[in-house]
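With the first letter of the sequence shown counted as 1, position 253 gets the number 253 in UniProt numbering; the numbers rise by one all the way through. See below for the structure under consideration.
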Amino acid sequence: MSKEIPVLDYSLLSSNPAKFVQDLKQAASEWGFFFLKNHNIPQSEVDKNFALAEQFFHGPNPGDEFKINTDNIGYSGRWQEGYGQDDHISYNFGGRYRMPMNLPPILAADYDRIQEFKKGVWELALELLRGFAVALDLEPDHFAKWHDFNKDPGMNLRFMYYPENHTPDEGQTRIREHSDFGTITVLFQKDVGGLEVLSPSGAWVTAPVIPGAPLINIGDFLQIWSAGELKSTVHRLTFKNGSAERYSMPCFVGANDDALLAPIKEGKIKVTCPIDGMTAGEYYRRRVHFLHHGGDPKSTPFITREDKPWQPESTPAAIAAA
1 MSKEIPVLDY SLLSSNPAKF VQDLKQAASE WGFFFLKNHN IPQSEVDKNF
51 ALAEQFFHGP NPGDEFKINT DNIGYSGRWQ EGYGQDDHIS YNFGGRYRMP
101 MNLPPILAAD YDRIQEFKKG VWELALELLR GFAVALDLEP DHFAKWHDFN
151 KDPGMNLRFM YYPENHTPDE GQTRIREHSD FGTITVLFQK DVGGLEVLSP
201 SGAWVTAPVI PGAPLINIGD FLQIWSAGEL KSTVHRLTFK NGSAERYSMP
251 CFVGANDDAL LAPIKEGKIK VTCPIDGMTA GEYYRRRVHF LHHGGDPKST
301 PFITREDKPW QPESTPAAIA AA
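Now the structure itself:
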């Protein structure tokens with residue numbers, strides 16, 4: 001088993017698909033994370049997005065008119081997530097493709113281009129989902145058919161900015177440890193890394209920045225559907241790896257609201273969800289509420305694996321109510 005996050009070659013999907021599927025399954029079952037090189041997302045578009053994000057975050061505060069809403073779309077300021085402990089700023093473009101969005105002017109000017117970028121990442125994610133289906137001896141479109149770009153929640157493209165902070169308070173993080181609650185996350189990083197991934201051995205491993213290779217991870221949905229064969233791995237961003245300013249751009253690919261979260265078959269690892277028959281939409285909304293408002297994790301659906309149990313810390317609100 002590799003001691004480093006695997007690097008997969010997307011070009012093998014055409015030249016040697018059996019090898020690519022084998023590598024894909026191994027990376028997802030052991031690490032739940034992998035880098036992907038030789039993909040088809042133009043680096044020029046990634047660079048344009050980071051340039052736009054830098055311009056946006058160094059401009060004036062967009063104001064309450066654009067603050068994040070219950071659909072997880074909009075601007076989130078510093079210290080507004082992780083129960084007031086996470087030191088980052090973000091803008092969520094959301095996955096509601098057909099819903100008009102009241103964007104800040106600087107972002108609205110690039111809206112059409114950003115939508116095309118989102119579609120490209122979405123298509124890449126669907127190809128990976130087809131690979132996972134083949135790896136699990138399913139029909140190629142078994143997972144992909146539950147993902148429609150024009151249905152909610154779709155893909156949440158997020159611009160993220162981590163301000164320079166050389167004197168963090170005790171307990172402060174850039175992002176607290178968590179698993180992602182969608183299907184697949186495609187993370188583009190700019191220059192400065194620092195993301196830590198919980199390795200198969202239980203140690204925190206720092207993910208480097210590999211130019212041209214986004215970091216991809218499995219979300220809770222795939223872990224549930226695969227009965228634990230594919231791993232939704234806990235990760236975090238602390239100040240241990242530096243306090244310089246940082247930009248990242250995660251693309252969270254989610255299933256249709258009405259997709260049922262239930263294991264496709266009996267798996268080697270037991271995966272539990274507190275509410276049987278929950279839909280992807282319900283799970284998504286509960287996790288979004290917990291992200292922004294906190295509460296008692298025991299009443300919020302978190303997916304656990306018997307071999308690697310994980311539960312988030314109780315939030316201040318939950319402790320106060322105890």
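Beta carbons are placed, not taken as given, at the ideal position from N, Cα and C, and that holds for glycine.
Are there 16 or more other CB atoms within 10 angstroms of the CB of residue i, so buried, or fewer, so exposed?
i	result
residue 87	buried
residue 231	buried
residue 36	buried
residue 118	buried
residue 212	exposed
residue 180	buried
residue 23	buried
residue 167	exposed
residue 90	buried
residue 277	exposed
residue 248	buried
residue 170	exposed
residue 83	Caution applies to residue 83, whose pLDDT of 48 falls short of 50 and renders its modelled position unreliable; the value that the coordinates give is listed next. Label assigned to residue 83: buried.
residue 11	exposed
residue 260	exposed
residue 111	exposed
Out of the options, which one is the CA nearest neighbour of residue i?
i	options	result
residue 250	46, 18 and 173	46
residue 323	4, 225 and 262	The structure shown does not extend to residue 323, since the chain is modelled only from 1 to 322, so the question has no answer here.
residue 78	260, 188 and 174	174
residue 105	6, 59, 168 and 215	59
residue 178	254, 29, 236 and 139	236
residue 337	287, 114 and 201	The structure shown does not extend to residue 337, since the chain is modelled only from 1 to 322, so the question has no answer here.
residue 61	48, 39 and 103	103
residue 64	5, 75 and 170	75
residue 203	38, 28 and 234	234
residue 41	157, 121 and 238	121
residue 26	5, 264 and 138	5
residue 201	31, 11 and 9	31
residue 252	227, 215 and 228	215
residue 281	258, 184 and 263	258
residue 94	137, 112, 155 and 199	155
residue 48	262, 185, 109 and 245	109
residue 286	228, 13, 227 and 182	182
residue 263	240, 290 and 227	227
Locate the beta strand (DSSP E) running through residue i, then write down its first and last residues.
i	result
residue 158	155-162
residue 253	246-253
residue 198	195-198
residue 74	74-76
residue 89	89-92
Kindly indicate the opening and closing residues of the alpha helix (DSSP H) around residue i.
i	result
residue 221	220-225
residue 49	43-57
residue 14	12-15
residue 122	111-135
Which residues in the same chain have their Cβ closer than 6 Å to the Cβ of residue i, if we skip the five residues on either side of it in sequence?
i	result
residue 129	143 and 144
residue 210	35
residue 28	218 and 230
residue 50	190 and 247
For residue i, I'd like the list of residues in its chain whose CB is within less than 7 Å of its CB, leaving aside the five on either flank, ordered along the chain.
i	result
residue 21	131, 134 and 135
residue 256	146, 147, 148, 151 and 280
Quiz item: Do the segment 155-174 and the segment 209-222 touch if we need at least three Cβ pairs shorter than 8 Å?
Solution: Using a Cβ-Cβ distance cut-off of 8 Å, the segment 155-174 and the segment 209-222 are not in contact, since fewer than three pairs of beta carbons, one from each stretch, lie closer than that value.
Quiz item: Counting Cβ pairs closer than 8 Å, one from the segment 121-130 and one from the segment 141-161, do we hit at least three?
Solution: As far as the Cβ criterion goes, the segment 121-130 touches the segment 141-161, which means the pair count is three or higher.
Self-check item: Inter-stretch contact at 8 Å, needing at least 3 Cβ pairs: the segment 50-69 / the segment 147-154
Solution: No: the two stretches stay apart, fewer than three of their Cβ pairs being nearer than 8 Å.
Exercise. Specify whether the segment 17-27 and the segment 184-203 touch according to this definition: at least 3 beta carbon pairs, one from each stretch, less than 8 Å apart.
Key: Taking a contact to require three or more Cβ pairs closer than 8 Å, the segment 17-27 and the segment 184-203 do not qualify as touching.
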